[in-house]
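Beneath this line is the structure, given in structure tokens, with notes to follow.
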Amino acid sequence: MKFLVNIIIIALFAWVGSYFVAWWMVAVVPFVATFIMNPKPAKGFLLGLASIAFLWLYLILKTDVANNQILSGRIAELIGLPMVAFLIVNVVLGALVGGLGGWSGVLVRKLFK
């Protein structure tokens, strides 16, 4: 239960941060959160990965539904991927950025111990 609450909190702060600052806040927020929480490295990675994956999936689907899949369909066609594969690649890339941010936060905290 605590893990799920942490995921939701990280996702909310990352959404607010990326809304007002820039997209790279999806790495900074998990970094700061795991630096403060001090979980084990694998759990820090999973916290960042899951929170940003859910956040980006929500934001991508929200935007995609709002414009009737026009933009993602055209970009997927340009890249040469099916639209679903294009969406999955986007979510995975965002999740990896968040996961590496979370993992880095844990490791930097261990560095200062």
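Just so it is clear: in the sequence shown, position 95 is 85 by this note's numbering, and no numbers are missing. Positions of the beta carbon are idealized from the N, C-alpha and C atoms, including for glycine.
Assigned with DSSP and collapsed to three states, tryptophan 46 falls in helix. Approximately 4 Å separates the beta-carbon atoms of alanine 1 and serine 41; this is inside 8 Å, confirming the contact. The beta carbon of leucine 86 lies closer than 8 Å to those of Leu39 in the same chain, with the five residues before and after it left out.
Per the Cβ contact rule, the segment 79 to 98 is in contact with the segment 24 to 31 (3 or more Cβ pairs under 8 Å). Distance from leucine 77 to serine 62 at the Cβ level is roughly 6 Å; contact confirmed, criterion being Cβ atoms closer than 8 Å. Straight across, the Cα-Cα distance linking valine 79 with valine 6 is about 23 Å. When rounded, the separation of the alpha-carbon atoms in valine 18 and alanine 66 is 28 Å.
Secondary structure at valine 11: coil, using DSSP grouped into helix, strand and coil.
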